[in-house]
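Note sheet for the following structure.
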Amino acid sequence: MTDNVSRVQRDSKIPVVNLPNALTMARLVLVPIFVILALQNAWAPRWAAFIVFAVAAITDRFDGQLARSWNQITDFGRIVDPIADKALTLCGFAVLSWLGYLPWWVTALIAVRELGITAMRGFFLRRGVVVSANNAGKLKTFMQIMALGTLLIPWEHFFAMEPSHQWWVVLMIRLGQALAGVALALTVYSGVGYIVEGVRLMRGTPVGSSDEDERDDSSSSGTPLAGQHVQA
Numbered sequence: 011m012t013d014n015v016s017r018v019q020r021d022s023k024i025p026v027v028n029l030p031n032a033l034t035m036a037r038l039v040l041v042p043i044f045v046i047l048a049l050q051n052a053w054a055p056r057w058a059a060f061i062v063f064a065v066a067a068i069t070d071r072f073d074g075q076l077a078r079s080w081n082q083i084t085d086f087g088r089i090v091d092p093i094a095d096k097a098l099t100l101c102g103f104a105v106l107s108w109l110g111y112l113p114w115w116v117t118a119l120i121a122v123r124e125l126g127i128t129a130m131r132g133f134f135l136r137r138g139v140v141v142s143a144n145n146a147g148k149l150k151t152f153m154q155i156m157a158l159g160t161l162l163i164p165w166e167h168f169f170a171m172e173p174s175h176q177w178w179v180v181l182m183i184r185l186g187q188a189l190a191g192v193a194l195a196l197t198v199y200s201g202v203g204y205i206v207e208g209v210r211l212m213r214g215t216p217v218g219s220s221d222e223d224e225r226d227d228s229s230s231s232g233t234p235l236a237g238q239h240v241q242a
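Every letter in the sequence shown is one number past the one before it in the numbering used here, and letter 214, counting from 1, is 224.
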């Protein structure tokens with residue numbers, strides 16, 4: 011199997027109630043709070059929405075890392091972690107489209123890719139195979155968070171306080187939109203890669219594997235799980 015494809019190894023002794031899963035659930039709970047705050051027509055809740063998003067993004071960084079380092083990877087985490095990830099990012103892009111920073115087709119295209127690949131990975135997970143993030147997927151996630159974080163800052167507040175700030179306010183908004191463009195390109199590119207890998211897995215030939223590699227893999231007891239944090 012390839013580096014980002016591995017067999018599931020379950021350990022029923024690992025408790026579902028643990029810190030990594032608590033961080034994942036906290037991120038999921040923060041999503042509706044973020045949306046409600048972001049859609050308010052006032053500066054204070056808009057700033058609060060940005061802070062909530064930043065906190066949620068930080069939990070996304072640490073829950074999977076802790077699960078791997080503390081050996082607390084659970085089926086619950088494997089399922090809920092990507093759901094929380096997609097809920098946060100897709101709601102973030104939807105908010106930006108609602109506020110007029112991004113066209114709706116950008117959000118729709120990202121949503122189709124994210125939900126489709128998440129469904130594909132769930133399909134393989136039920137069959138005991140984990141398709142974790144490859145390098146393109148990781149870079150995509152980073153660029154999405156950077157774009158969202160940049161555009162969710164209420165830059166217009168600085169302009170409202172001082173009209174002379176308009177030029178750099180516009181510059182920061184354009185920067186965020188450029189980052190969103192890069193994130194969109196990486197989202198599509200990495201999505202195509204996962205589809206190709208999914209087709210190869212359906213055929214029984216993982217990407218990058220030769221027939222000899224497959225024979226060696228089928229005779230082994232399986233490779234270690236790549237980890238709970240499996241955003242695509």
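Glycine included, every Cβ here is placed at the ideal spot set by N, Cα and C.
I'd like the list of long-range same chain contacts for Phe-103, defined as Cβ closer than 6 Å, with 5 residues on each side in sequence excluded.
Counting only residues of its own chain and dropping the five nearest sequence neighbours on each side, Phe-103 has a CB closer than 6 Å to the CB of Thr-117 and Ile-120.
Alpha-carbon to alpha-carbon, Gln-82 and Asn-28:
Computed Cα separation, rounded: 7 Å.
Proximal residues to Gly-87 (C-beta, below 7 Å), its chain only, five neighbours per side dropped:
Leaving aside the five residues that flank Gly-87 on each side, the residues in its chain whose CB is nearer than 7 Å to its CB run, in chain order, Pro-30, Asn-31, Thr-34, Ala-77 and Gln-238.
Could you check which residue in Phe-133, Ala-146 and Lys-150 has the C-alpha nearest to that of Val-209?
Measuring from the Cα of Val-209, the nearest candidate turns out to be Phe-133.
Short of 6 Å in beta carbon distance, which residues of its chain neighbour Ala-193, apart from the five on each side in sequence? Order them along the chain.
Excluding residues within five positions, the ones whose Cβ falls inside 6 Å are Met-153, Gln-154 and Ala-157.
The alpha helix (DSSP H) that contains Val-206, what's its start and end?
Judged by DSSP secondary structure, Val-206 falls within the alpha helix (DSSP H) whose first and last residues are 176 to 212.
Are the CB atoms of Val-206 and Arg-123 within a distance shorter than 8 Å?
Against a cut-off of 8 Å, the Cβ pair of Val-206 and Arg-123 comes out as no contact.
Three-way DSSP call (helix, strand, coil) for Val-27 in this model
When DSSP states are grouped into helix, strand and coil, Val-27 belongs to the coil group.
Where the alpha helix (DSSP H) containing Arg-131 begins and where it ends
Start and end: 114 to 135.
By the DSSP assignment, the alpha helix (DSSP H) with Trp-53 in it spans what residues?
53 to 79 is the extent of the alpha helix (DSSP H) around Trp-53.
Who are the Cβ neighbours of Ile-89 in its own chain at under 8 Å, not counting the five residues just before and after it?
Same-chain partners within the cutoff: Gly-132 and Leu-135.
In the DSSP assignment, what residue or residues form a beta bridge with Val-41?
Beta-bridge pairing links Val-41 to no other residue.
First and last residue of the alpha helix (DSSP H) that includes Thr-160?
Its alpha helix (DSSP H) spans residues 145 to 162.
Just how far apart, CA to CA, sit Ile-183 and Leu-125?
As the crow flies, the alpha-carbon of Ile-183 is around 27 Å from that of Leu-125.
Would the C-beta of Ala-129 count as close to the ligand SAH, meaning under 7 Å from any of its heavy atoms?
By its list of ligands, the structure shown contains no ligand whatsoever, and the ligand SAH lies outside what it can speak to.
Return the chain-ordered list of same chain residues with a C-beta closer than 8 Å to the C-beta of Pro-164, the five sequence neighbours on each side being excluded.
Hits under 8 Å: Trp-53, Arg-56, Trp-57 and Phe-60.
Below 8 Å between beta carbons: does that hold for Val-139 and Cys-101?
No; because the gap between Cβ atoms is not below 8 Å, this pair is not in contact.
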